[in-house]
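Residue numbers (the numbering used here): 32 to 240.
For glycine and all other residues, C-beta sits at the position ideal for the given N, C-alpha and C.
Okay, structure first, notes after.
Structure (C-alpha coordinates):
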(Lines of atoms letter the chains of each structure in order from A; the text may use other names.)
(Lines give C-alpha, C1' and ligand atoms only; values in the text may rest on other atoms or scores of the structure.)
Protein backbone atom coordinates (compact mmCIF):
# COMPACT_ATOMS: atom_id res chain seq x y z
CA UNK A 32 0.00 0.00 0.00
CA UNK A 33 1.41 3.36 -1.02
CA UNK A 34 1.97 5.93 1.72
CA UNK A 35 0.10 9.23 1.57
CA UNK A 36 3.01 11.66 1.04
CA UNK A 37 3.85 14.50 -1.30
CA UNK A 38 5.88 13.36 -4.35
CA UNK A 39 8.87 15.64 -3.78
CA UNK A 40 12.61 15.00 -3.89
CA UNK A 41 12.92 15.80 -0.21
CA UNK A 42 10.23 13.26 0.63
CA UNK A 43 11.92 10.73 -1.64
CA UNK A 44 15.20 11.19 0.21
CA UNK A 45 13.44 10.72 3.57
CA UNK A 46 11.71 7.56 2.40
CA UNK A 47 14.94 6.07 1.06
CA UNK A 48 16.56 6.72 4.45
CA UNK A 49 13.59 5.07 6.21
CA UNK A 50 13.78 2.09 3.87
CA UNK A 51 17.48 1.66 4.58
CA UNK A 52 16.86 1.80 8.33
CA UNK A 53 13.88 -0.59 8.11
CA UNK A 54 15.87 -3.09 6.02
CA UNK A 55 18.78 -3.03 8.44
CA UNK A 56 16.42 -3.29 11.42
CA UNK A 57 14.63 -6.23 9.79
CA UNK A 58 17.89 -8.14 9.37
CA UNK A 59 19.02 -7.47 12.94
CA UNK A 60 15.65 -8.40 14.38
CA UNK A 61 15.43 -11.56 12.29
CA UNK A 62 18.93 -12.62 13.36
CA UNK A 63 17.99 -11.98 17.00
CA UNK A 64 14.78 -13.98 16.59
CA UNK A 65 16.63 -16.90 15.01
CA UNK A 66 19.14 -16.91 17.87
CA UNK A 67 16.35 -16.78 20.45
CA UNK A 68 14.69 -19.77 18.75
CA UNK A 69 18.00 -21.65 18.89
CA UNK A 70 18.47 -20.90 22.60
CA UNK A 71 14.81 -21.74 23.23
CA UNK A 72 15.30 -25.14 21.58
CA UNK A 73 18.32 -25.84 23.80
CA UNK A 74 16.34 -24.99 26.94
CA UNK A 75 13.40 -27.10 25.76
CA UNK A 76 15.67 -30.11 25.28
CA UNK A 77 17.19 -29.66 28.75
CA UNK A 78 13.72 -29.18 30.22
CA UNK A 79 12.40 -32.39 28.65
CA UNK A 80 15.43 -34.44 29.70
CA UNK A 81 15.23 -33.13 33.29
CA UNK A 82 11.46 -33.66 33.46
CA UNK A 83 11.76 -37.25 32.25
CA UNK A 84 14.56 -37.90 34.74
CA UNK A 85 12.59 -36.33 37.60
CA UNK A 86 9.45 -38.31 36.87
CA UNK A 87 11.46 -41.52 37.08
CA UNK A 88 13.27 -40.47 40.27
CA UNK A 89 10.09 -39.23 41.96
CA UNK A 90 8.37 -42.55 41.25
CA UNK A 91 11.37 -44.42 42.69
CA UNK A 92 11.45 -42.18 45.77
CA UNK A 93 7.75 -42.69 46.44
CA UNK A 94 8.31 -46.43 46.27
CA UNK A 95 11.06 -46.08 48.87
CA UNK A 96 8.72 -44.18 51.19
CA UNK A 97 5.97 -46.74 50.62
CA UNK A 98 8.35 -49.55 51.45
CA UNK A 99 9.56 -47.74 54.58
CA UNK A 100 5.95 -47.31 55.72
CA UNK A 101 5.26 -51.02 55.44
CA UNK A 102 8.01 -51.65 57.99
CA UNK A 103 6.57 -49.32 60.65
CA UNK A 104 3.21 -48.38 62.08
CA UNK A 105 1.25 -45.48 60.66
CA UNK A 106 1.56 -43.50 63.90
CA UNK A 107 5.35 -43.96 63.97
CA UNK A 108 5.67 -42.79 60.36
CA UNK A 109 3.50 -39.71 60.96
CA UNK A 110 5.43 -38.84 64.10
CA UNK A 111 8.81 -39.36 62.44
CA UNK A 112 8.13 -36.94 59.62
CA UNK A 113 6.12 -34.38 61.60
CA UNK A 114 9.18 -32.14 62.13
CA UNK A 115 11.48 -31.84 59.09
CA UNK A 116 15.20 -31.61 59.72
CA UNK A 117 15.89 -29.39 56.70
CA UNK A 118 14.36 -26.06 55.72
CA UNK A 119 14.90 -24.41 52.36
CA UNK A 120 14.48 -21.02 50.80
CA UNK A 121 15.10 -19.75 47.28
CA UNK A 122 16.95 -16.67 46.10
CA UNK A 123 15.52 -15.38 42.83
CA UNK A 124 17.78 -13.29 40.63
CA UNK A 125 17.44 -12.23 37.01
CA UNK A 126 19.73 -13.10 34.12
CA UNK A 127 19.25 -12.32 30.44
CA UNK A 128 19.14 -14.49 27.35
CA UNK A 129 19.26 -12.33 24.19
CA UNK A 130 18.18 -9.36 26.35
CA UNK A 131 15.18 -11.32 27.64
CA UNK A 132 15.09 -11.34 31.48
CA UNK A 133 14.63 -14.83 32.88
CA UNK A 134 14.80 -16.04 36.50
CA UNK A 135 17.88 -17.55 38.10
CA UNK A 136 16.92 -19.58 41.17
CA UNK A 137 19.39 -20.50 43.90
CA UNK A 138 18.43 -23.02 46.57
CA UNK A 139 19.58 -22.39 50.14
CA UNK A 140 19.36 -25.21 52.67
CA UNK A 141 19.57 -24.99 56.45
CA UNK A 142 19.54 -28.15 58.52
CA UNK A 143 19.41 -29.16 62.14
CA UNK A 144 22.17 -31.15 63.79
CA UNK A 145 20.48 -34.43 62.94
CA UNK A 146 20.37 -35.39 59.29
CA UNK A 147 17.14 -37.36 59.62
CA UNK A 148 13.94 -35.95 61.17
CA UNK A 149 13.26 -38.94 63.39
CA UNK A 150 14.73 -41.29 65.92
CA UNK A 151 16.30 -44.47 64.56
CA UNK A 152 14.19 -46.36 67.04
CA UNK A 153 11.03 -45.49 65.12
CA UNK A 154 12.00 -46.37 61.55
CA UNK A 155 14.40 -48.66 59.72
CA UNK A 156 17.21 -47.85 57.30
CA UNK A 157 14.74 -47.86 54.39
CA UNK A 158 13.40 -44.55 55.67
CA UNK A 159 16.93 -43.11 55.51
CA UNK A 160 17.18 -44.09 51.84
CA UNK A 161 13.82 -42.47 51.11
CA UNK A 162 14.79 -39.22 52.86
CA UNK A 163 18.14 -39.08 51.05
CA UNK A 164 16.44 -39.65 47.71
CA UNK A 165 13.87 -36.93 48.40
CA UNK A 166 16.61 -34.47 49.36
CA UNK A 167 18.39 -35.05 46.06
CA UNK A 168 15.23 -34.19 44.13
CA UNK A 169 14.82 -30.68 45.49
CA UNK A 170 17.59 -29.00 43.50
CA UNK A 171 16.44 -30.69 40.31
CA UNK A 172 12.87 -29.56 40.90
CA UNK A 173 14.05 -25.98 41.41
CA UNK A 174 16.07 -26.19 38.19
CA UNK A 175 13.02 -27.54 36.36
CA UNK A 176 10.91 -24.64 37.61
CA UNK A 177 13.59 -22.24 36.41
CA UNK A 178 13.62 -23.85 32.95
CA UNK A 179 9.82 -23.89 32.73
CA UNK A 180 9.63 -20.15 33.45
CA UNK A 181 12.46 -19.39 31.05
CA UNK A 182 10.75 -21.25 28.20
CA UNK A 183 7.48 -19.41 28.81
CA UNK A 184 9.17 -16.00 28.83
CA UNK A 185 11.31 -16.77 25.76
CA UNK A 186 8.30 -18.14 23.87
CA UNK A 187 6.41 -14.91 24.54
CA UNK A 188 9.33 -12.76 23.40
CA UNK A 189 9.89 -14.88 20.28
CA UNK A 190 6.23 -14.44 19.33
CA UNK A 191 6.49 -10.66 19.73
CA UNK A 192 9.73 -10.56 17.76
CA UNK A 193 8.25 -12.62 14.92
CA UNK A 194 5.32 -10.22 14.68
CA UNK A 195 7.73 -7.28 14.38
CA UNK A 196 9.76 -9.10 11.72
CA UNK A 197 6.61 -9.88 9.73
CA UNK A 198 5.37 -6.30 10.05
CA UNK A 199 8.64 -5.01 8.64
CA UNK A 200 8.93 -7.67 5.93
CA UNK A 201 5.35 -7.72 4.68
CA UNK A 202 4.01 -4.26 5.51
CA UNK A 203 6.48 -1.45 6.16
CA UNK A 204 9.24 -2.34 3.69
CA UNK A 205 6.86 -3.11 0.76
CA UNK A 206 4.92 0.11 1.46
CA UNK A 207 8.11 2.16 1.46
CA UNK A 208 9.33 0.48 -1.74
CA UNK A 209 6.02 1.10 -3.49
CA UNK A 210 5.93 4.74 -2.37
CA UNK A 211 9.54 5.31 -3.45
CA UNK A 212 8.77 3.81 -6.85
CA UNK A 213 5.68 6.00 -7.21
CA UNK A 214 7.51 9.22 -6.28
CA UNK A 215 10.44 8.35 -8.56
CA UNK A 216 8.07 7.80 -11.49
CA UNK A 217 6.20 11.01 -10.65
CA UNK A 218 9.40 13.04 -10.53
CA UNK A 219 10.60 11.52 -13.81
CA UNK A 220 7.26 12.39 -15.37
CA UNK A 221 7.54 15.96 -14.09
CA UNK A 222 11.08 16.20 -15.46
CA UNK A 223 9.95 15.01 -18.88
CA UNK A 224 7.10 17.50 -18.83
CA UNK A 225 9.48 20.30 -17.88
CA UNK A 226 11.92 19.37 -20.65
CA UNK A 227 9.08 19.22 -23.16
CA UNK A 228 7.88 22.69 -22.16
CA UNK A 229 11.39 24.08 -22.37
CA UNK A 230 11.88 22.60 -25.82
CA UNK A 231 8.58 24.12 -26.96
CA UNK A 232 9.53 27.51 -25.57
CA UNK A 233 12.94 27.30 -27.23
CA UNK A 234 11.34 26.28 -30.50
CA UNK A 235 8.92 29.20 -30.32
CA UNK A 236 11.75 31.64 -29.64
CA UNK A 237 13.73 30.31 -32.59
CA UNK A 238 10.68 30.63 -34.84
CA UNK A 239 10.10 34.23 -33.78
CA UNK A 240 13.68 35.12 -34.67
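Query                                                                                                                                                                      : Result
On a CA-only basis, which of 85, 135, 207, 94 is nearest residue 46? Give me that one, please.                                                                             : 207
Quick check on this structure: which residue in 97, 119, 137 has the alpha carbon closest to the alpha carbon of residue 126?                                              : 137
Just to confirm my understanding: we take residue 77, look at its own chain, exclude 5 residues before and 5 after, and list those with CB closer than 7 Å. What are they? : 178
If you draw a straight line from the alpha carbon of residue 50 to that of residue 37, how long is it in whole angstroms?                                                  : 17 Å
On the three-state DSSP scale, how would you describe residue 39?                                                                                                          : coil
For residue 53, collect the residues of the same chain with a Cβ closer than 8 Å to its Cβ; drop the 5 residues on either side in sequence, then sort them by chain order. : 199, 203, 204, 207
Is it true that the CB of residue 218 sits closer than 8 Å to the CB of residue 43?                                                                                        : yes
Quick check: what's the CA-CA separation for residue 139 versus residue 89?                                                                                                : 21 Å
Please state whether the Cβ-Cβ distance between residue 196 and residue 101 is less than 8 Å.                                                                              : no
For residue 166, which option in 190, 188, 95, 201 has the closest C-alpha, if you only look at C-alpha atoms?                                                             : 95
Using a Cβ-Cβ cutoff of less than 7 Å, which residues in the same chain neighbour residue 82 once the five nearest sequence positions on both sides are dropped?           : 175
For residue 189, which residues from the same chain have a beta carbon less than 8 Å from its beta carbon, with the 5 sequence-adjacent residues on both sides left out?   : 64, 67, 68, 71
With H, G and I counted as helix, E and B as strand and the rest as coil, what does DSSP make of residue 139?                                                              : strand
Am I right that residue 55 and residue 210 are in contact with their C-beta atoms under 8 Å? What's the rounded C-beta distance?                                           : Not a contact, Cβ separation roughly 18 Å.
Between 193, 134, 84, 181, which has its C-alpha nearest residue 58's C-alpha?                                                                                             : 193
From 160, 181, 235, pick the residue whose C-alpha is nearest to that of residue 73; which is it?                                                                          : 181
Quick one: using the 10 Å Cβ neighbour count with 16 as the cut-off for buried, is residue 133 buried or exposed?                                                          : buried
Using 8 Å for Cβ pairs, my map puts residue 119 next to residue 185. What's the rounded Cβ distance?                                                                       : Not a contact, Cβ separation roughly 27 Å.
If you count every other CB in all the chains shown that lies within 10 Å of the CB of residue 227, and 16 or more means buried, which is it?                              : exposed
Leaving out five residues on either side along the sequence, give the residues of the same chain with a beta carbon under 7 Å from the beta carbon of residue 75.          : 182
Do you know how far the Cα of residue 62 is from the Cα of residue 130?                                                                                                    : 13 Å
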